[in-house]
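J.: Sequential numbering from 300 applies to the sequence shown in the working numbering. Where is the CB? At the ideal position from N, CA and C, for every residue including glycine. A single structure is presented below for examination.
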Amino acid sequence: MPLRLFNTLSGQLDELVPMDGKTLRMYACGPTVYDYGHIGNFRTFLQIDVLRRFLKRNGTSVFHVMNITDVDDRIIKNAAAAGISIGQYTARFEQAFLEDIEALRVQHPEQLARATEHIPQMVELIQRLAAAGAAYQTEDGSWYFRLASFPEYGKLSKKDLSGMEDGARVDLDEYEKDSARDFALWKAAKPGETFWDTAIGRGRPGWHIECSAMAMEYLGESFDLHAGGEDLMFPHHENEIAQSESATHKPFARHWMHVRFLLVEGRKMSKSEGNFFTLRDLLLKGYKASAIRLALISVPYRHQLNFTFDGLIEATNAIDRLRTFHHRLRNTNWPMGTSYVQAGPEAEVIEAVKTAKTKFHAALSNDLNTAEARAAIFDLVRTINTLADSERLFRSDIAAILDVLRDFDAVFDVLEDNDAEPTRRALEWAAQAGRLGDVAPELLARKSLTDEAIDALVAEREVARKQRNFARADQIRNELAEKGVVIEDSKDGVRWKRK
Ligand code: AMP
Ligand code: ZN
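Quick look at the structure:
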C-alpha cells in the first residue's frame with residue numbers, strides 16, 4: 300500500500316513515491332542552533348522520523364538532508380552578548396541537539412549540512428538570481444529577492460498577495476504574514492558583525508537562501524519532499540520556492556509536509572508563561588526518553604498536539620504495558636502443539652495478528668495516522684493477553700505476534716528499554732550546567748544505583764529467599780523501591796526495572 304501524505308502544495312493527499320523510482324530524496328529544515336531544542340521542535344523532528352522509518356520499512360530507501368542553521372540574527376546577537384565567536388556559540392547547541400535527537404531515537408539524516416559551510420553555494424545562487432533579474436543589490440551592499448519577478452509567489456501558503464507593495468523590503472529572517480516584501484538574500488556586514496568576503500560583497504546569508512542552496516547541493520534542482528513545522532510554510536518555504544524556481548525554472552520540491560504546532564496544556568509554549576520545556580527539562584523531571592518519544596508521536600502530525608503531563612504519564616504506562624507484554628511473550632514457556640488440533644484458539648490468534656497488521660499499515664499509509672496505528676497494536680496486546688490468561692496461547696503462535704511487534708517498533712521504536720542512558724546523560728549535563736536543583740528527588744536517588752549494583756542486590760535477595768530469610772529479602776525490595784527500582788517476581792523468574 301503506497302503512502303498517501305497530505306501535500307501542502309497541492310492541497311490534497313498525494314502518493315509519496317520517489318521520482319527516480321528508487322530513493323526518496325527529502326529535505327527537512329533543521330534547528331537554528333541558538334539554544335536547546337524544545338519539545339515543539341522535537342515533535343516536528345520526531346514526526347519526520349516516523350515518516351522516514353515508515354518509508355524504509357516499506358522498502359523505499361531515503362536520502363534525507365537536514366540543515367543546521369548556524370548563522371542568523373539571533374545567533375549573531377547572542378554570540379556577541381556572550382563575547383564569543385558564532386562558531387563557538389553554536390558548537391555547543393549543535394552538540395546538544397545531536398545528543399537530544401539520539402536520546403529520542405530520531406534516526407540520523409543521511410546528510411547534515413551546516414549553513415556556514417555552504418557560503419559559496421549561496422553566493423552562486425544569488426548570482427544566478429541576479430543574472431535572471433530576480434535579485435538586486437541595495438546601496439548598503441545587501442541583496443534582495445524581487446518578489447514582483449515571481450508571479451507564483453504565495454502558491455504554497457495560498458496567500459493572496461495582490462495588495463503587496465512593489466519594492467518594499469524586509470531584512471529580518473523571520474517576519475509576519477502581512478509583510479510579504481522583497482526579502483534579504485544577503486545582508487551586508489554591519490560594523491562588528493561576522494561576515495564572509497565574497498564575490499557579491501562582504502556580508503552573511505539570509506536564512507531562506509541557506510535552505511535553497513543546500514537542498515540543491517545535495518538533492519538536485521528538483522526533489523521529492525520538503526518538510527518542516529507549520530510556522531515555516533510562510534515566509535520561509537514560500538521564499539525557498541521563489542528563490543529556487545526563479546533560478547532553475549524547475550519545480551523545487553514536489554511534495555511539502557508541514558507538522559502542526561504543539562501546545563502545552565492548551566496554550567502556546569512560552570518562556571514567560573512558564574510552560575516552556577526542553578527535552579532536558581523533562582528528563583530531569585524524571586520522565587523517560589521513550590515516553591517523551593511516544594507522547595510526541597502518538598498524535599498524527601496534522602493535528603495539533605496538546606502536550607500535558609497526564610499525557611506523558613499515560614505514555615509511560617503504555618510503554619510499560621508493551622514491554623511487559625513483549626517480555627511475557629519471549630520468556631514464558633508456552634504450551635506446545637495443542638493449537639494445531641484446537642483450530643479455535645489458533646484461529647483467534649491468527650485473526651488478531653492479521654487485523655493488527657492490516658490496521659497498522661493502513662493507518663500509517665493514510666497520512667501517517669500514528670494514533671490509529673498505535674491503537675491497532677494495543678488492541679492486539681489486549682486480545683493476546685486475554686488469550687494467554689485463559690491458557691489459549693500456544694508456542695506456535697508466538698512468532699507471528701512478535702513479528703507484528705517488530706513491525707510496530709520499526710516505526711515507534713520504544714520496545715527496548717534504552718532509557719537509562721539519556722537520563723544518565725541529562726544528569727551529567729545538569730551537574731555541569733548548574734541545574735541539579737531542577738532534578739526530581741527520585742532521580743537523584745536513582746542516580747546512586749548502577750545496573751550492576753541492582754543486579755547484585757536482586758541476586759542477594761534471591762539467596763535470602765532461598766534461605767527463607769524473608770526479612771532481609773523484604774528489606775532489599777524496600778531499599779530498591781525507595782530508589783525507584785521495582786522488582787517483579789513471576790513464575791518465569793525475577794525481573795527489575797527502574798520506575
Ligand atoms: P527552529 O530551531 O526554531 O528553526 O525550529 C526547528 C523546527 O521546529 C522547525 O521545523 C519548526 O517549524 C519546528 N517548531 C518550532 N516550534 C514548534 C512547535 N511549538 N511545535 C512543532 N514544531 C515546532
Ligand atoms: Zn529551511
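According to DSSP, is residue 788 helix, strand or coil?
T.: DSSP places residue 788 in strand when its eight states are reduced to three.
J.: Evaluate residue 782 with the Cβ neighbour count: other Cβ atoms within 10 Å of its Cβ, from every protein chain shown; 16 or more gives buried, anything less gives exposed.
T.: By the neighbour-count rule (16 or more Cβ atoms within 10 Å), residue 782 is buried.
J.: In the DSSP output, which residue or residues are listed as bridge partners for residue 503?
T.: In DSSP, residue 503 forms a bridge with 486.
J.: Give the secondary structure of residue 361 by DSSP, where H, G and I count as helix, E and B as strand, and everything else as coil.
T.: DSSP places residue 361 in strand when its eight states are reduced to three.
J.: Apart from the five residues just before and just after residue 362, which ones in its own chain have a Cβ nearer than 6 Å to its Cβ?
T.: Result list for residue 362: 322, 324 and 409, in chain order.
J.: Could you give the distance in angstroms between the alpha-carbon of residue 318 and the alpha-carbon of residue 672?
T.: Cα to Cα, residue 318 sits roughly 27 Å from residue 672.
J.: Can you check whether the CB of residue 621 is closer than 8 Å to the CB of residue 680?
T.: Result yes, Cβ atoms of residue 680 and residue 621 sit closer than 8 Å.
J.: Compute every distance between the C-beta of residue 528 and the non-hydrogen atoms of ligand 4, then say whether any falls below 7 Å.
T.: Annotation note on ligand 4: not contained in the displayed structure, which lists ligand 1 and ligand 2 as its ligands.
J.: Under a three-way DSSP split, which group does residue 665 fall into?
T.: Here residue 665 sits in strand by DSSP.
J.: Residue 728 lies in the alpha helix (DSSP H); which residues open and close that run?
T.: Start and end: 719-732.
J.: Since I believe residue 368 is in contact with residue 329 (beta carbons under 8 Å), could you give me their beta-carbon distance rounded to a whole number of angstroms?
T.: Their Cβ separation, rounded to whole angstroms, is 7 Å, which keeps residue 329 and residue 368 in contact under 8 Å.
J.: Return the bridge partner residues of residue 337 from the DSSP annotation.
T.: 577.
J.: State the Cα-Cα distance for the pair residue 640 and residue 784, rounded to the nearest angstrom.
T.: Per-residue confidence for residue 640 stands at a pLDDT of 47, beneath the threshold of 50, marking its modelled position as unreliable; no derived number is given.
J.: If we require 4 or more residues per run, which alpha helix (DSSP H) segments fall completely within the region 486-572?
T.: You should have 506-518 and 537-547.
J.: Would the C-beta of residue 554 count as close to ligand 2, meaning under 7 Å from any of its heavy atoms?
T.: Residue 554: no, Cβ never under 7 Å from ligand 2.
J.: Find the nearest neighbour of residue 357 within the set 453, 714, 524 and 709, judged by alpha-carbon distance.
T.: Comparing Cα-Cα distances from residue 357 to each of 453, 714, 524 and 709, the minimum goes to 709.
J.: What are the boundary residues of the alpha helix (DSSP H) that includes residue 707?
T.: Its alpha helix (DSSP H) spans residues 694-711.
J.: Can you tell which of 626, 625 and 589 has the C-alpha that lies nearest to the C-alpha of residue 612?
T.: For residue 612, the nearest C-alpha among the options comes from 589.
J.: Does the distance from the C-beta atom of residue 556 to that of residue 526 stay below 8 Å?
T.: Yes.
J.: With residue 739 as the anchor, note down where its alpha helix (DSSP H) starts and where it stops.
T.: That residue, residue 739, is in no alpha helix (DSSP H); it is neither H nor E in DSSP.
J.: Closer than 7 Å to a non-hydrogen atom of ligand 1 - does that hold for the CB of residue 408?
T.: Answer for residue 408: no, Cβ out of range of ligand 1.
J.: Please report how far the alpha carbon of residue 334 lies from the alpha carbon of residue 375, in whole angstroms.
T.: So the alpha carbons of these two residues sit roughly 12 Å apart.
J.: Based on the DSSP secondary-structure assignment, which residues constitute the bridge partners of residue 368?
T.: Answer is 331, bridged to residue 368.
J.: Is residue 486 closer than 8 Å to residue 470 when the C-beta atoms are compared?
T.: Yes, the pair counts as a contact, with Cβ atoms nearer than the cut-off.
J.: Determine, using beta-carbon pairs with one atom in the region 435-450 and one in the region 562-574, whether at least three such pairs fall under 8 Å.
T.: Because the criterion of three Cβ pairs below 8 Å is not met, the region 435-450 and the region 562-574 do not touch.
J.: Using DSSP's beta-bridge definition, name the partner residues of residue 348.
T.: Residue 348 pairs with nothing; no bridge assigned.
J.: Counting C-beta neighbours from all protein chains within 10 Å, is the total for residue 740 16 or more, i.e. buried, or is it exposed?
T.: With fewer than 16 other Cβ atoms within 10 Å, it is exposed.
J.: Tell me, please, which residues DSSP counts as bridged to residue 439.
T.: Looking at the DSSP assignment, residue 439 forms no beta bridge with any residue, so it has no partner.
J.: Compute the minimum distance between the beta carbon of residue 632 and the heavy atoms of ligand 2, and state whether it is under 7 Å.
T.: No; taking the cut-off as 7 Å, the Cβ of residue 632 has no heavy atom of ligand 2 nearer than that.
J.: Since residue 767 is in the beta strand (DSSP E), which residue starts that stretch and which ends it?
T.: Neither: residue 767 is in no beta strand (DSSP E) and is coded neither H nor E.
J.: Closest by CA to residue 452, which one among 508, 418 and 541?
T.: The candidate whose alpha carbon is nearest that of residue 452 is 541.
J.: Which residues mark the beginning and the end of the alpha helix (DSSP H) in which residue 269 is found?
T.: The question about residue 269 has no answer here: the residues shown for the chain are numbered 300 through 798.
J.: Could you tell me the distance, in whole angstroms, from the CA atom of residue 661 to the CA atom of residue 353?
T.: Straight-line Cα distance between these residues: approximately 12 Å.
J.: Between the alpha carbons of residue 651 and residue 699, how many angstroms are there, rounded?
T.: Taking the straight line from one Cα to the other gives about 10 Å.
J.: Are there 16 or more other CB atoms within 10 angstroms of the CB of residue 756, so buried, or fewer, so exposed?
T.: Burial call: buried.
J.: How big is the Cα-Cα spacing for residue 638 and residue 689?
T.: Any reading at residue 638 is ruled out, since the residue's pLDDT is 47, under 50, leaving its predicted position unreliable.
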